[in-house]
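Written out below as C-alpha cells is the structure these notes cover.
2 protein chains.
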Amino acid sequence: MIHLDNSRALVVYSGGQDSTTCLFWAKANFEEVHALSFIYGQKHVHEVDLAEEIAREAGVGFDKMDVSFISRLAPNSLTDSSIPMDSEKPAGGPPNTFVPGRNLFFLSIAAVYARERGIRHLVTGVSQTDFSGYPDCRDAFIRSLNVTLNMAMEEQFVIHTPLMWIDKCQTWALADRLGVLDLVREKTLTCYNGVKGDGCGHCPACKLRREGLEQYLHTEDKTALLPTFLVHGI
Amino acid sequence: MIHLDNSRALVVYSGGQDSTTCLFWAKANFEEVHALSFIYGQKHVHEVDLAEEIAREAGVGFDKMDVSFISRLAPNSLTDSSIPMDSEKPAGGPPNTFVPGRNLFFLSIAAVYARERGIRHLVTGVSQTDFSGYPDCRDAFIRSLNVTLNMAMEEQFVIHTPLMWIDKCQTWALADRLGVLDLVREKTLTCYNGVKGDGCGHCPACKLRREGLEQYLHTEDKTALLPTFLVHGI
Numbered sequence: 128m129i130h131l132d133n134s135r136a137l138v139v140y141s142g143g144q145d146s147t148t149c150l151f152w153a154k155a156n157f158e159e160v161h162a163l164s165f166i167y168g169q170k171h172v173h174e175v176d177l178a179e180e181i182a183r184e185a186g187v188g189f190d191k192m193d194v195s196f197i198s199r200l201a202p203n204s205l206t207d208s209s210i211p212m213d214s215e216k217p218a219g220g221p222p223n224t225f226v227p228g229r230n231l232f233f234l235s236i237a238a239v240y241a242r243e244r245g246i247r248h249l250v251t252g253v254s255q256t257d258f259s260g261y262p263d264c265r266d267a268f269i270r271s272l273n274v275t276l277n278m279a280m281e282e283q284f285v286i287h288t289p290l291m292w293i294d295k296c297q298t299w300a301l302a303d304r305l306g307v308l309d310l311v312r313e314k315t316l317t318c319y320n321g322v323k324g325d326g327c328g329h330c331p332a333c334k335l336r337r338e339g340l341e342q343y344l345h346t347e348d349k350t351a352l353l354p355t356f357l358v359h360g361i
Numbered sequence: 128m129i130h131l132d133n134s135r136a137l138v139v140y141s142g143g144q145d146s147t148t149c150l151f152w153a154k155a156n157f158e159e160v161h162a163l164s165f166i167y168g169q170k171h172v173h174e175v176d177l178a179e180e181i182a183r184e185a186g187v188g189f190d191k192m193d194v195s196f197i198s199r200l201a202p203n204s205l206t207d208s209s210i211p212m213d214s215e216k217p218a219g220g221p222p223n224t225f226v227p228g229r230n231l232f233f234l235s236i237a238a239v240y241a242r243e244r245g246i247r248h249l250v251t252g253v254s255q256t257d258f259s260g261y262p263d264c265r266d267a268f269i270r271s272l273n274v275t276l277n278m279a280m281e282e283q284f285v286i287h288t289p290l291m292w293i294d295k296c297q298t299w300a301l302a303d304r305l306g307v308l309d310l311v312r313e314k315t316l317t318c319y320n321g322v323k324g325d326g327c328g329h330c331p332a333c334k335l336r337r338e339g340l341e342q343y344l345h346t347e348d349k350t351a352l353l354p355t356f357l358v359h360g361i
C-alpha cells in the first residue's frame with residue numbers, strides 16, 4: 128500500500144484570489160506545499176503563467192496539466208468566447224459560467240497526482256458562501272467526492288476547503304492574517320475579463336472581489352472577522 | 128433545468144467482452160443507445176476501432192474521447208510498455224494493471240457528456256465478482272460516485288452495472304440470452320496482448336475469459352445461470 132504523508136499538501140491552484148489565499152493557508156499548515164494548475168480551455172490561459180509566478184515566489188512546487196477535454200465536453204461561457212457571460216444567476220439553473228464537472232475533474236486529477244507522490248492532503252478554494260449557483264462548490268458535494276475518491280483508490284485522502292464557510296470579506300481577512308493581503312490584491316487574477324489585480328471592475332467576479340475588499344478595509348475590529356477553527360495557530 | 132431522458136442510455140464502451148455484453152443489454156432495455164469509448168494511452172489503441180465497428184454494426188451511436196491525461200498521471204502496465212504486467216494480484220495492493228482513477232474519469236466524463244445530450248442512464252461493465260484488486264470496480268464505489276456525480280451537476284443520473292454481481296461464466300450466459308454469444312466471442316477484444324476474439328490465450332484476461340466460456344458451454348441447465356433481476360423481460 129502506498130504511504131500517504133501528512134506533512135505535505137497539494138493545492139488546486141488557479142492563481143486567483145481564493146486559491147492564492149488557500150496556497151498561503153496551506154503553507155501555514157503543512158511543511159511542504161505543491162500547487163497544481165489546470166489548462167482547461169479557459170479564455171485567459173495566461174492565468175496559468177501568473178499562477179506559476181506566484182507559486183515560484185511563494186517557494187512552493189508548481190505543476191500544470193492540460194485537461195482541455197473539459198471544455199470540449201459541454202459549452203459554457205468561461206471556455207467559449209461566442210457565449211456572452213451571465214452576469215447574474217438565471218432562474219432554474221446555474222449561470223452559463225458553470226463548467227460542468229470542473230471541480231469534480233480538478234480534484235479527481237489532483238487526488239491521482241497526489242497519490243503518486245504520497246501526498247494525503249488536498250486543498251481547494253471552493254466556497255458555498257459565495258455560492259452563485261455552482262453545485263460543485265457545495266460542502267456536501269466535496270464530502271461526497273472525498274469518499275468517492277477514497278473508495279476509487281482505496282486511500283485516505285483529506286480534502287481541505289479553508290474558504291467553504293467564509294465570504295469574500297473574510298477571505299481578505301484571511302489573506303491579511305496570513306500576511307499576504309497586498310500580494311493577493313496585486314498579483315492574483317480573478318477577473319472574468321483577464322485583468323490582473325483590481326481587474327476590469329465590471330464583471331461579476333470583480334464586483335464581488337471589490338465589495339469584499341472594501342467591506343474588509345472598513346471593518347473596525349478586523350480580528351473578530353474569522354472563525355476560530357480557521358485561524359487557530361496561524 | 129436540463130431534462131434528462133429515461134428512454135436513452137450511454138454505455139461506457141471499450142469493445143471488450145464485458146462492455147459489449149452491456150451494450151446489448153442496454154439495447155434490450157432502452158429505446159436508444161449511445162456508446163462512448165476512451166483513448167487513454169492504452170497499448171492497444173486499435174481496440175477503439177474495434178469498438179466503433181461493433182457499435183456501428185449494432186446500430187448504436189458511437190463517439191470517442193481522448194483522455195490520455197489519465198496515463199500521464201500515474202505509471203501502470205496497461206499504458207506503459209516498459210512495465211511488465213502483474214499476472215496475479217500482489218499482496219497489499221492492486222496489480223500494476225490498475226490505472227488509478229480510470230473508472231472515476233470514464234464515468235465522470237460520461238455523465239457530463241450524457242447531461243449535454245439529456246441522457247439520464249449510464250451503463251458500465253464493471254464487476255466486483257471478478258474483482259481482481261481493482262477498488263474502482265466495487266459496487267460501493269459506483270454508488271458513491273453516482274451520488275457525487277448527481278451532486279456535482281445537480282442532476283439525477285442512474286448508473287447501471289449489469290455485470291456487477293455475475294462472474295465470467297454468467298457474462299457469457301447473458302450474451303447468449305441477448306443473442307450475441309458468437310458476436311462477443313469473435314469480435315470483442317479483452318486480451319492484454321491485443322489479440323481479438325479468443326485472444327493470446329496466456330494473459331490473465333484471456334484465461335479468465337476462456338475459463339468462463341468453457342464453464343458456460345459445459346453447463347447443463349443454462350437457463351438457471353442468471354439472476355432473475357438481470358434477465359426479467361429480456
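Same order as they appear, the protein sequences are chains A and B.
By this note's numbering, the letter at position 139 of the first sequence is numbered 266, and the numbering carries on one by one without gaps.
By this note's numbering, the letter at position 49 of the second sequence is numbered 176, and the numbering carries on one by one without gaps.
Cβ coordinates follow ideal geometry from the N, Cα and C atoms, glycine included.
It should be emphasised that the depicted structure is a prediction, and the values quoted were computed from it without experimental measurement.
In the structure shown, asparagine 133 of chain A adopts extended strand secondary structure according to DSSP, grouped into three states. Closest in C-alpha terms to glycine 339 of chain B, from the list B:Leu137, B:Ala237 and B:Asp145, comes B:Asp145. Distance from the CA of phenylalanine 232 of chain A to the CA of serine 254 of chain A, rounded to the nearest whole angstrom, comes to 17 Å.
Leucine 344 of chain B counts as exposed, since fewer than 16 other C-beta atoms from the protein chains shown sit within 10 angstroms of its C-beta. Listed by position along chain A, the residues whose Cβ is nearer than 8 Å to that of methionine 280 of chain B are Pro227, Gly228, Pro262 and Asp263. Listed in chain order, the positions of the region 280 to 301 of chain B with a beta carbon within less than 7 Å of a beta carbon of chain A are Met280 and Glu281.
At a cut-off of 3 residues, the continuous stretches assigned as beta strand (DSSP E) that sit fully inside the region 130 to 198 of chain B are 132 to 139, 159 to 166 and 188 to 193. Counting only unbroken stretches of 3 or more residues, the beta strand (DSSP E) elements lying wholly within the region 247 to 313 of chain A are 285 to 287, in sequence order. Closer than 8 Å at the C-beta level to chain B, one finds no residue of the region 144 to 175 of chain A. Residues of the region 237 to 254 of chain B with a C-beta atom less than 9 Å from some C-beta of chain A are Ala238, Val239, Tyr240, Arg242 and Glu243, listed in chain order.
DSSP places phenylalanine 232 of chain B in the uninterrupted alpha helix (DSSP H) bounded by 229 to 243.
Annotation for leucine 340 of chain A: the continuous alpha helix (DSSP H) segment containing it runs 331 to 344.
Inclusion of valine 239 of chain B and valine 138 of chain B in the CB contact set at 9 Å is not warranted, their separation being larger than that value. Out of B:Leu234, B:Phe165 and B:Leu150, the CA that lies nearest to the CA of glutamate 158 of chain B is found in B:Leu150. At a cut-off of 9 Å between beta-carbon atoms, aspartate 132 of chain A makes no contact with chain B. Taking a beta-carbon distance threshold of 9 Å, threonine 355 of chain A does not count as an interface residue toward chain B. At a cut-off of 9 Å, the C-beta of arginine 135 of chain B has no neighbouring C-beta in chain A.
At a cut-off of 9 Å between beta carbons, valine 274 of chain B contacts chain A. Alanine 201 of chain A sits in coil when the DSSP states are folded into three classes, being neither helix nor strand. Between valine 322 of chain A and chain B, the shortest Cβ-Cβ separation is not below 9 Å. The C-beta of arginine 199 of chain B has fewer than 16 other C-beta atoms within 10 Å across all chains shown, which makes the residue exposed. The three-state reading of DSSP puts valine 322 of chain A in coil, since its state is none of H, G, I, E or B.
For the options A:Asn273, A:Ile293, A:Cys296 and A:Lys295, the alpha carbon positioned closest to that of valine 285 of chain A is the one of A:Asn273. Using beta-carbon distances, aspartate 193 of chain A counts as an interface residue toward chain B, with a partner under 9 Å. Cβ atoms of cysteine 318 of chain B and alanine 332 of chain B come within 8 Å of each other, at about 6 Å.
It is roughly 9 Å from the alpha-carbon of histidine 287 of chain B to the alpha-carbon of alanine 136 of chain B. Across the structure, alanine 351 of chain A and glycine 143 of chain A are spaced so that their CA atoms are roughly 25 Å apart.
DSSP places valine 358 of chain B inside the alpha helix (DSSP H), whose first and last residues are 355 to 358.
With a cutoff of 9 Å on beta-carbon distance, methionine 278 of chain A and proline 227 of chain B are scored as not near each other. Only buried fits arginine 336 of chain B, as 16 or more other CB atoms lie within 10 angstroms of its CB.
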